[in-house]
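Only one structure is covered here, and it is reproduced in the block below.
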Amino acid sequence: MTNVSRESMGYLLMIVSVPIIWQLAVTLSGLQPFILPGPGIVFKTLGNEWSNFLYHTGVTMYGAIVGYAFANLFAISIAILFVYMPSVQTFLMPWFIVIKNIPFVVIAPILVITLGTTNMPKFIVVFLVTFFPVLANVVAGLRAADQVLLDRMHVLNANKWQIFWKVRWPSAIPYYMAAHEVAFTGSIIAAIVAEFFFSRTGLGYLIVTAMESYRADVLYGVTLIAAVLGLSNYLLVVWLRKRLLRWQDA
Amino acid sequence: MSPAIQLRQLSKSFGEIEALKDIDLDIQEGEFIALIGPSGCGKTTLLRHVLSLETASSGEIMVGGDTPERVRRENKLGIVFQRAALVPSCTSLQNVQMTLDITGVETPLTPSGLLDEFGLGDFKDHYPHQLSGGMQQRVNIAAAMVHNPPFLMMDEPFGALDEMTREFMCEFLGEVLLDNPKTTVLVTHSIDEAVMLADRIVILAPRPGRISAIVDVDFPRPRRRELKTQSAFGEKVLEVRRLLYEVDES
Ligand SMILES: Nc1ncnc2c1ncn2[C@@H]1O[C@H](COP(=O)(O)OP(=O)(O)O)[C@@H](O)[C@H]1O
Ligand SMILES: [Mg+2]
């Protein structure tokens, strides 16, 4: 068996096992459906209210993707500034370290008070959660450029632009992809948590209302959706990495 | 005619370390110089000065009657390091082509033709990690000379290769240079290699890095490896070895 089919077998096995283990847990524990609903009930809820779930999933994904896109834009730009103008780093680093270490669940309510119930607080929370890992990795990747290659570029009289595109950026790509693997899933988590606080839409909102009305089936439905989102995002990044870094295992 | 490379009282200190002290050396156009000496005697540092990768603490360097910096800007320098300076995400051909893209030099040599000549015709679309050490180094040398620079600097280019590959590469380099004459400086640890390739062997002594002896080698070219079986070759190797031992014991 090839490695690829062996890997897909593993995923397939997991997908089949989850409902079985789940049902077993329900049967063996004897818990009531309003505490631990079985897979049958949850899938039925998902089926009945699919347009509702789809809508809220869309809202959450929108918040996650917009915030994440801005985080990437800024993180990459600032990483490049750091590498080419170390004084910028000296100036910004203390600020970043402080901001990074304030738990974002504390920042979220403040943002809601300040910015009201717009999408802005959600974008900002997603931004704060994902900006730093991307920044750290891209900086590390740009700095990891092979010194021998940099010397060659210098001797060939390459300009900064050429050195960036031919040496520094290619060196940063694997680091950047590694950051995506963590940070993209992080963006979805951050969007959901941000929705806890103020939103009238999104998966986070669904969770809050489901808890208030003791809808365990909805809670488990959201959990399933979140798991699928996280996994597909992970697989997307793995696929992207394979494509972008084709030369590595060609 | 003034020498192609002139070092006048060249000295370089890194803090307390006198890497080079009062180096005086004239290298003629088209001449092949081998630099040999114990580790840390300043061979790399000397080369890096010619390449304008270091600035002298005192003394003067002229390359082609000009400063190294200006010669670099005119794209007249070629460099081969011990570790191949290849972009891992680019194929052999792209890596060689890159030199032309960056320098913008027009030469009669083509990347593809050069790789054919270097025996890599079937490996143009391979990535560096798919090539053996000897092949990588050939791509590296091709990339260093495709813009036909009048000055070629090599820092232990065959140091990481096994004995057989080394011998082959050495003969190969001799032939390539016969077809494309250049003023060449080769740093090497191998006395055989120095005697095989050089017009003059410069022996350096450490702490402070200085010239301890210069040996003329006037075997006719092309020099094939059969030369190594002749007694004159052996005597030359012995002469250099004795001088190196003197350095070690001083
Ligand atoms: N960038 C540097 N900073 C500090 N010391 C250096 C640097 N480059 C070389 N040296 C020192 O200069 C001496 C000569 O080094 P090098 O030219 O690399 O020797 P070689 O190539 O002959 O082995 C060594 O003692 C080395 O430690
Ligand atoms: Mg060295």
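The listed protein sequences correspond, in order, to chains H and F. Position 158, counted from 1, in the first sequence is what my numbering calls 158; the numbers after and before it change by one each time, with no gaps. Plus 250 on top of the position in the second sequence (first one is 1) and you've got my numbering. Each residue gets a CB set at the ideal place from its N, CA and C atoms; glycine is no exception. The structure displayed is predicted, hence computed values, not measured ones.
Counting of Cβ neighbours within 10 angstroms places ILE78(H) among the buried residues, the total reaching 16 or more. Look at the region 38–97 of chain H and you find no whole run of beta strand (DSSP E) that is 3 residues long or longer. Contacts between GLN162(H) and chain F, judged by CB atoms closer than 7 angstroms, involve ILE352 in chain order.
At least one CB of chain H lies nearer than 8 angstroms to the CB of ALA335(F). By a beta-carbon distance limit of 8 angstroms, VAL426(F) does not contact ALA448(F). Their separation comes to about 15 angstroms. Counting C-beta atoms within 10 angstroms of its own C-beta, GLN248(H) has fewer than 16 neighbours from the protein chains shown and is therefore classed as exposed.
Here the alpha carbons of VAL208(H) and THR90(H) stand approximately 42 angstroms from one another.
Legend: CB atoms of the region 317–333 of chain F lying less than 7 angstroms from CB atoms of chain H belong to residues ARG322, ARG323, ASN325, LEU327, ILE329, PHE331, ARG333. Per DSSP, the continuous alpha helix (DSSP H) segment holding SER232(H) begins and ends at 216–244. Comparing alpha-carbon positions, the option among SER382(F), LYS326(F), LEU270(F) lying closest to THR415(F) turns out to be SER382(F). Listed along chain H, no residue sits closer than 9 angstroms to MET395(F) by beta-carbon distance, the nearest being about 12 angstroms off. Closer than 8 angstroms to the CB of THR295(F) there is not a single CB belonging to chain H.
In the three-state scheme derived from DSSP, where H, G and I count as helix and E and B as strand, GLU443(F) is classed as helix. Where GLY484(F) is concerned, there is no enclosing beta strand (DSSP E), although the alpha helix (DSSP H) around it starts and stops at 481–499. Listed by position in the chain, the residues whose beta carbon lies within less than 7 angstroms of some heavy atom of ligand 2 are LYS293(F), THR294(F), ASP405(F), GLU406(F), VAL437(F). Taking 7 angstroms as the Cβ-Cβ cut-off, the region 295–309 of chain F approaches chain H at LEU301, LEU303, given in chain order. With distances taken between CA atoms, ILE461(F) lies nearest to LEU494(F) out of LEU477(F), SER308(F), LEU494(F), ILE441(F). PHE264(F) sits exposed, since fewer than 16 C-beta atoms from the chains shown fall within 10 Å of its C-beta. Interface flag for ARG152(H) against chain F is set, since a Cβ pair is found closer than 8 angstroms.
Restricting attention to beta strand (DSSP E) runs no shorter than 3 residues, the region 371–458 of chain F encloses them at 401–405, 433–437, 450–455, ordered along the chain.
By the neighbour-count criterion, in which 16 or more other beta carbons inside 10 Å mark a residue as buried, ASP217(H) falls on the buried side. DSSP places ARG258(F) inside the beta strand (DSSP E), whose first and last residues are 255–264. Within 7 angstroms of the C-beta of SER289(F) there is at least one heavy atom belonging to ligand 1. The nearest non-hydrogen atom of ligand 1 is 7 angstroms or more from the C-beta of PHE331(F). The DSSP-derived three-state label of ILE173(H) is helix.
If you look at ILE20(H), you'll find it in the alpha helix (DSSP H) that goes 3–29.
Note that the C-beta distance between LEU343(F) and LEU359(F) is not below 8 angstroms. Annotated three-state conformation of VAL313(F) is strand, per DSSP. Annotation for VAL148(H): no residue places its beta carbon closer than 8 angstroms to its own, counting only its chain and skipping 5 residues before and after.
Only those residues of the region 407–423 of chain F whose C-beta falls short of 9 angstroms from the nearest C-beta of chain H would be listed, and there are none.
With a cutoff of 7 angstroms, ALA269(F) counts as near ligand 1, since its C-beta is closer than that to a heavy atom of the ligand. Assignment of ALA335(F) by DSSP, reduced to helix, strand and coil, places it in the coil class. Taking the Cα of ALA178(H) as reference, the smallest distance to any Cα among VAL238(H), PHE131(H), PHE104(H) is reached at VAL238(H). Chain H has no Cβ within less than 8 angstroms of the Cβ of THR357(F). In chain order, THR130, PRO133, VAL134 place their CB closer than 6 angstroms to the CB of ALA183(H), counting only its own chain and leaving out the 5 sequence neighbours on each side. Between ligand 1 and the CB of GLY459(F), the shortest heavy atom gap is smaller than 7 angstroms.
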